[in-house]
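Contents: one structure, followed by commentary.
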Amino acid sequence: MRRLLLLGGLAALALPAPAFAHATLEQTSPGFRARVETSPRVVTFKFDQYVVALPGSVQLFSATGPISVRRVWTNRRLLEASLPRLHKGAYTVRWHAMSGDGHVVWGVFTFGVRARAPAPTEAYGASGPTRTEDVVRWLYFLSLALLVGGLGFRLLVARRPLPRRFYVVTAIGAAATLNVGIAAFILRSEDALQLPFGRLLYGDLTPIARTRFGTAFIVMTLGFALVTGLLFLSWVSDREALLWPAFLLGLAFASGLSLSGHSAADRGSSWKSELADWAHLSAACLWIGGLVQLVAVVWPLLPELRRAAFLAFSRLATVCVGVLLLAGTYLSVLRLPRLSDLWTSGYGHILLVKIGLVALALAWGGLHRVLAVPAAERGGLLPRLRASLVGESMVGMTVLLVAAILVNAKPPG
């Protein structure tokens, strides 16, 4: 009897009944982000199973607002809508239909008539990055700092086995990188589809996955899953050699943010702007993540390592600060070609706040360089140095918060 139940369960898993799966969109005409030279007479959706049209199943929008759709009908697996004559411009189509299992599926795509179609994340009705997304982006930066910066501290600064807390802090960063990245994708998809989360479960995310943002999300999620696996394998097997590929892959996959953001998509972007953005982010992660390891792991658990770790980290931080300044200056000039943009544009205002915080962090680190480093070289450590390092790390995390807001802001044209 148990064998029969087991075989039945395996058969149910191996051969799921298609009737209980909701309809999946296979093709549209015009295609996703297609540019057509003449106004299409109809818009067509082809599904993998029959669908039923609902009131308002197809909605059409130009850059200025909604356009009335003449008629909507279904023909088994096809959903079609008759369109009025469209002028030159970009258009957004939002659709929903009831599939055979009773679930309502949703989606959005864009096309252009003799014009470039926007990405679905910039479709009509999408509000763009919200304050919630700013916070999520900040948490993502912090996660990367804990993961990549923690690994960098262990390999480039400590150069010796660290207590279990090193793995705990770094693993928190790894888990948060995966989960916060998924939250960021969901928020962008929710905004693009204009759906609450409950309906998003049956949304067609294919157009969003095809954008720079979506491609970067998929590659980075898979990549950081590999990094997380290497980190945990090193933890449980005591094979610290695995930390090197985890660190190098973490640095490499962090470039997904640079390859999908302003440095890759905005006017004037090039491989140089992408490289500068990646170097800027990597230096910030190594600096802030190293500070966290120094304060949370070395200082309370390894008093005999404090002086050597502080001196080694000071050398690494000097390099990171140099990279931050060079890359940040280049990106600022690229995105704000006029000096007046600093005080006349919203992007410039945020950048001024970031520059002020970076100046504070540099001054803080400069005091450590002038006062604490010579004392450590003489064989001693200044009192309250740990508290000062905590303060520097807090300023660094605030810089990441402003950077997250800046990344989601639009530079002036």
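Going by my numbering, the residue at position 400 of the sequence shown is 628; the numbering climbs one at a time, nothing skipped.
Beta carbons: idealized from backbone N, C-alpha and C, even for Gly.
As the structure is a prediction and not an experimental result, all values here were calculated from the model.
query                                                                                                        : result
CB contact flag (V523, L617, <8 Å)                                                                           : yes
Y558, DSSP secondary structure in three states                                                               : helix
Segments assigned alpha helix (DSSP H), at least 4 residues, entirely inside the stretch 534 to 593          : 534 to 563 and 569 to 572
Delimiting residues of the beta strand (DSSP E) encompassing E308                                            : L306 to S310
Own chain, CB closer than 6 Å to I633, minus 5 neighbours either side, in chain order                        : D362 and I578
N303 classed as buried or exposed, judged by whether at least 16 other C-beta atoms fall within 10 angstroms : exposed
Those residues which DSSP pairs with W301 across a bridge                                                    : E308
L629 versus D466: straight-line alpha-carbon distance, rounded                                               : 35 Å
Continuous alpha helix (DSSP H) stretch holding K500: start and end                                          : W499 to Q521
Span separating the alpha-carbon of G401 from that of V270                                                   : 49 Å
Of the listed residues V336, E308 and V332, nearest to V321 (C-alpha basis)                                  : V336
F381 - DSSP class collapsed to helix/strand/coil                                                             : helix
CB contact flag (P639, H490, <8 Å)                                                                           : yes
Cβ shell of M622 (< 8 Å), same chain only, five flanking positions each side left out                        : none
Beta-carbon gap between F289 and Y319 smaller than 8 Å                                                       : yes
Inter-residue spacing [alpha-carbon to alpha-carbon] between V332 and V396                                   : 43 Å
CA-to-CA distance, W527 to L642, given in whole angstroms                                                    : Here the chain has residues from 229 to 641 only, and residue 642 is not among them.
Nearest candidate by alpha-carbon position, reference A512, set A637, A631, E265 and A354                    : A631
Secondary structure, alpha helix (DSSP H): runs of 4+ residues fully inside the stretch 322 to 398           : 359 to 372
DSSP beta-bridge partners of Y319                                                                            : F339
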